[in-house]
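Taken in sequence, the protein lines are chains A and B. Everything in the first sequence is counted per the numbering used here, starting at 1 for the first residue and increasing by one. Everything in the second sequence is counted per the numbering used here, starting at 421 for the first residue and increasing by one. Here the structure comes first, spelled out in structure tokens, and everything after it is commentary.
Protein chains: 2
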Amino acid sequence: MSRLVMKFGGTSVGDVERIRRVARIVAHEKKPGRGLAVVVSAMSGETDRLVALAREAGGEHSNRPAIGGPGFDDEYDVVVASGEQVTTGLLALALRQMGAPARSWQNWQIPIRSDSAHAKARLEAFAADTLGPAIDAGEIAIIPGFQAVTAQGRITTLGRGGSDTSAVAAAAALGAERCDIYTDVDGVYTTDPRITQKARRLERISYEEMLEMASLGAKVLQTRSVELAMAKRVKVRVLSSFIEPGQPNPGTIVCDEDEIVEKQVVSGVAYSRDEAKVTLLGVEDHPGIAAEIFGRLAEANINVDMIVQSEARQEGRQNLVFTCPDREAPRAVETLRAARDKIGYEDLHVRRDVAKVSVIGIGMKSQVGVARTMFSALAAKGINIEVIATSEIKISVLVDAQYTELAVRALHTAYGLDAA
Amino acid sequence: MSRLVMKFGGTSVGDVERIRRVARIVAHEKKPGRGLAVVVSAMSGETDRLVALAREAGGEHSNRPAIGGPGFDDEYDVVVASGEQVTTGLLALALRQMGAPARSWQNWQIPIRSDSAHAKARLEAFAADTLGPAIDAGEIAIIPGFQAVTAQGRITTLGRGGSDTSAVAAAAALGAERCDIYTDVDGVYTTDPRITQKARRLERISYEEMLEMASLGAKVLQTRSVELAMAKRVKVRVLSSFIEPGQPNPGTIVCDEDEIVEKQVVSGVAYSRDEAKVTLLGVEDHPGIAAEIFGRLAEANINVDMIVQSEARQEGRQNLVFTCPDREAPRAVETLRAARDKIGYEDLHVRRDVAKVSVIGIGMKSQVGVARTMFSALAAKGINIEVIATSEIKISVLVDAQYTELAVRALHTAYGLDAA
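The structure is reproduced here in structure tokens:
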């Protein structure tokens with residue numbers, strides 16, 4: 001007996017016609033000796049409609065900045081979670097009409113447990129003791145993604161994109177051979193195909209690479225779902241929900257590094273335009289100053305990314321550069337200005353027309369000269385590098401936003417990723 | 421400590437603005453020492469939308485004539501029940517925004533148990549052991565009407581109008597002082613105010629009278645909810661949800677006959693236009709013939725109402741007249757024609773332009789001459805009576821449909837019901 005988990009997002013179940021196609025895909029994967037569990041999102045647009053209703057009814061009460069924070073409204077989740085319930089019933093109906101045995105399982109029927117951080121709850125346990133035997137007996141289980149129930153029996157939601165995480169959690173609990181994430185793209189690409197037609201679909205990618213890709217703006221899989229897949233060693237496949245069953249649809253396998261034989265030095269080029277660069281000039285150079293600055297930014301809920309520290313012209317002073325998401329830049333500036341006397345700095349600059357371009361690859365670990373290739377390729381196009389940050393499997397540079405596409409294409413070619 | 425159950429239908433919670441008004445009404449009823457439970461329907465239009473989606477997805481599978489019959493789809497209920505869940509969350513949010521403590525209770529959280537006749541399930545148990553103390557502690561409970569959960573933990577719906585029944589069941593389980601049904605009319609009237617401006621709101625009406633009113637087409641309360649109220653002796657009040665809290669809104673109390681001091685001979689005049697009259701001429705007169713005919717009609721799911729039997733001109737033959745809902749008339753004719761040889765009759769006529777007009781009153785039990793007043797009043801207007809049927813507290817006549825309003829007004833006057 002083997003088990004398979006399949007997941008379909010909001011666009012894939014956007015109307016009844018699409019739900020029928022999903023039913024055909026699911027029925028095609030149903031084979032003797034294989035148990036199937038299918039995780040579904042709300043029909044596209046439905047979650048937005050429900051969120052708007054909840055905000056209208058609750059006013060400020062459900063519109064706090066700290067969504068999911070303590071005291072955030074549990075009733076918001078009651079309203080929003082109804083969207084996936086509808087899809088589970090509709091898909092079960094569509095499968096039955098095709099003669100395939102199926103039933104929906106609501107979060108409290110399984111149960112899928114989470115903590116009680118409403119609107120951004122974290123999954124804690126996914127029970128497979130009833131569900132597992134049920135799918136082994138041949139009945140396809142349809143499960144709502146994005147939601148769970150607390151130990152006290154209250155409904156929670158996991159936050160946007162949480163359905164991927166639900167699917168990976170289901171696959172882990174069921175000991176599934178694989179978790180197939182059906183989406184509106186046919187796999188993970190070496191870079192954004194909208195930027196270069198030479199982008200290629202990857203056959204395989206490691207969890208670590210996928211994590212960097214996900215967090216760097218390649219929005220194929222939700223970061224938390226990749227983390228969970230890595231922790232639980234769940235093999236994930238990303239593939240298209242718009243290809244009819246029976247047609248070729250290999251997708252991209254996200255798996256352990258050990259399962260990838262040909263390790264690429266660079267597997268992909270990612271970019272993010274939601275970046276801002278903040279420069280603090282002439283910061284007093286004394287122990288604890290960095291902790292002071294970044295502590296304050298953390299308290300203001302600002303996600304600081306790259307950090308560079310350098311000597312200032314004046315002795316006993318240094319310059320400090322960091323990046324953060326562009327939308328958080330005004331708050332960062334406000335926070336630092338308010339604390340100017342405490343911190344002690346001479347001047348503060350912000351540049352918001354910057355972009356981060358990154359090359360990612362597990363082969364980098366055992367390869368020298370990777371950074372040099374990057375710098376040369378960018379220099380050859382006359383692109384100036386503002387900030388550099390590196391990790392074991394990634395090199396990121398901050399560049400002027402107008403060079404984003406040029407930089408991505410240059411790097412894609414330089415690392416031999418271009419399609420033949 | 422007292423307890424009160426309030427119920428608001430689909431029109432009363434049709435949009436967020438209306439849900440806010442409902443919240444104001446609920447908050448106004450919240451008093452120290454009084455526990456409140458509020459039963460809500462889906463926002464108007466929402467159930468229809470969900471039913472249409474389920475039918476589109478399930479095709480024939482969820483579109484069987486025998487809705488709720490054996491094997492009817494349990495997933496249909498999963499889809500449809502989501503509508504009330506949304507309203508419970510929205511009303512809880514609106515109440516909290518006004519500073520009133522409130523929370524939603526889903527059917528499986530209470531639980532509300534029913535049998536497993538999906539799409540027209542019958543309530544079996546309403547648990548008050550957790551809910552009761554919770555409302556006594558001051559938190560307003562918001563409960564979805566129209567739905568329940570089976571002993572196996574599957575979601576069911578009770579069929580259209582089932583929210584009234586949910587509310588009465590809640591009131592019975594909680595031992596509530598009263599069940600207030602807020603609707604789009606301000607009470608139960610002596611007759612349809614659209615037919616005569618002289619119609620008056622009744623202060624009180626007995627369960628028995630209300631049952632006859634409900635089943636005769638005065639669509640204020642669902643029949644099953646009145647049956648349940650009568651069985652459990654729950655005092656029900658029907659009142660308007662469109663009157664702002666604090667304004668006079670006495671409504672109509674539906675209660676035990678013993679609680680009504682001034683028993684009217686006739687409390688109301690009801691009518692129904694959804695009627696057809698079927699005549700079988702020259703039916704062979706032998707034992708078991710009526711059982712044969714009405715057995716076949718019952719099998720075809722036809723609701724036969726009035727029945728009159730009379731001698732035919734030819735010896736050993738009789739004529740048989742019955743009424744049924746107009747929409748079922750074609751099926752009745754089809755059924756009888758198919759069995760013509762088995763039954764043995766000479767001819768079959770159908771009249772579909774007929775209406776049933778009834779006078780109802782518990783005072784009738786101890787009063788003579790009630791029928792004579794009815795017949796005289798109709799004769800005075802030249803209205804011919806086609807069929808007569810009587811019960812202990814009701815007299816019904818079938819008349820030509822064009823005289824419906826005239827008959828209703830004549831009877832309203834004849835029994836002294838006209839407003840001064």
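Every residue gets a Cβ at the ideal spot worked out from N, C-alpha and C, and that includes glycine. Note that this is a predicted model, so its numbers are computed, not measured.
- Excluding sequence positions up to five before and after V51/A, its CB lies within less than 7 Å of the CB of V80, all in the same chain and listed in chain order.
- Annotated three-state conformation of Q97/A is helix, per DSSP.
- When Cβ-Cβ separations below 7 Å define contact, G59/A makes contact with chain B.
- Within the stretch 527-548 of chain B, those residues whose Cβ lies closer than 7 Å to any Cβ of chain A are, in chain order, W528, Q529.
- Three or more Cβ pairs closer than 8 Å define a contact, and the stretch 199-210 of chain A falls short of that threshold against the stretch 161-178 of chain A.
- The distance from the Cβ of L93/A to that of E806/B is about 45 Å, inconsistent with a contact at the 8 Å cut-off.
- Within chain B, the residues whose beta carbon sits less than 8 Å from that of V79/A are Q505, V506, G509, L510, L513, listed in sequence order.
- The CB of Q147/A never comes closer than 9 Å to any CB in chain B; the least such distance is about 12 Å.
- Taking the CA atoms as reference points, T323/A sits about 4 Å from K277/A.
- Listed in chain order, the non-local C-beta contacts of G99/A below 7 Å within the same chain number zero, local neighbours out to five positions each way being set aside.
- Against chain A, a Cβ distance below 9 Å from V436/B picks out L53, E56, A57.
- Between V588/B and S660/B, the CB-CB gap reaches or exceeds 7 Å.
- Per DSSP, reduced to three states, the secondary structure at T603/B is strand.
- Contact with chain A is found for E495/B, since one of that chain's Cβ atoms lies less than 7 Å from the residue's Cβ.
- With respect to chain B, the C-beta atom of Q97/A has a partner C-beta closer than 7 Å.
- Residue-level contact by beta carbon fails for S41/A and chain B, as no gap is shorter than 7 Å.
- Sixteen is the threshold: since fewer than 16 other Cβ atoms of the shown chains lie within 10 Å of the Cβ of G369/A, the residue is exposed.
- Counting only Cβ-Cβ distances below 8 Å, L470/B has contacts in chain A at V86, in chain order.
- Interface annotation, I385/A: not in contact with chain B, CB-CB separation never under 7 Å.
- Between A571/B and T130/A, the alpha-carbon positions lie close to 16 Å from each other.
- Short of 7 Å from the beta carbon of G565/B, and not among the five residues preceding or following it, lie these beta carbons of its own chain, in chain order: K427, V459, V460, S461, E504, G582, S583, S586, A587.
- When secondary structure is reduced to three states using DSSP, E262/A falls in the coil class, being assigned neither helix nor strand.
- Using a CB distance cut-off of 7 Å, S524/B counts as an interface residue toward chain A.
- R533/B has its alpha-carbon roughly 27 Å from the corresponding atom of A37/A.
- Sixteen is the threshold: when 16 or more other Cβ atoms of the shown chains lie within 10 Å of the Cβ of P531/B, as they do, the residue is buried.
- Interface annotation for the stretch 436-452 of chain B against chain A: V436, I439, R440, criterion Cβ-Cβ distance under 8 Å.
- Counting only residues of its own chain and dropping the five nearest sequence neighbours on each side, V774/B has a CB closer than 6 Å to the CB of E695, K697, L818, A821.
- Beta-bridge pairing by DSSP links D767/B to L701/B.
- The residue among D73/A, S358/A, W108/A with its C-alpha nearest the C-alpha of V269/A is S358/A.
- The C-beta distance from Q109/A to G509/B rounds to 19 Å, too long to fall under 8 Å, and the pair is not in contact.
- For the 7 Å CB-CB criterion, C179/A and A171/A form a contact.
- Of all residues in the stretch 223-243 of chain A, none is placed with a Cβ closer than 8 Å to any Cβ belonging to chain B.
- Nearest neighbour of E597/B by Cα position, chosen from M421/B, P750/B, L831/B, K814/B, turns out to be M421/B.
- For G573/B, the closest Cβ of chain A is nearer than 7 Å.
- Taking the C-beta atoms as reference points, T576/B is found nearer than 7 Å to D497/B.
- In this chain, the alpha helix (DSSP H) harbouring A379/A covers 370-380.
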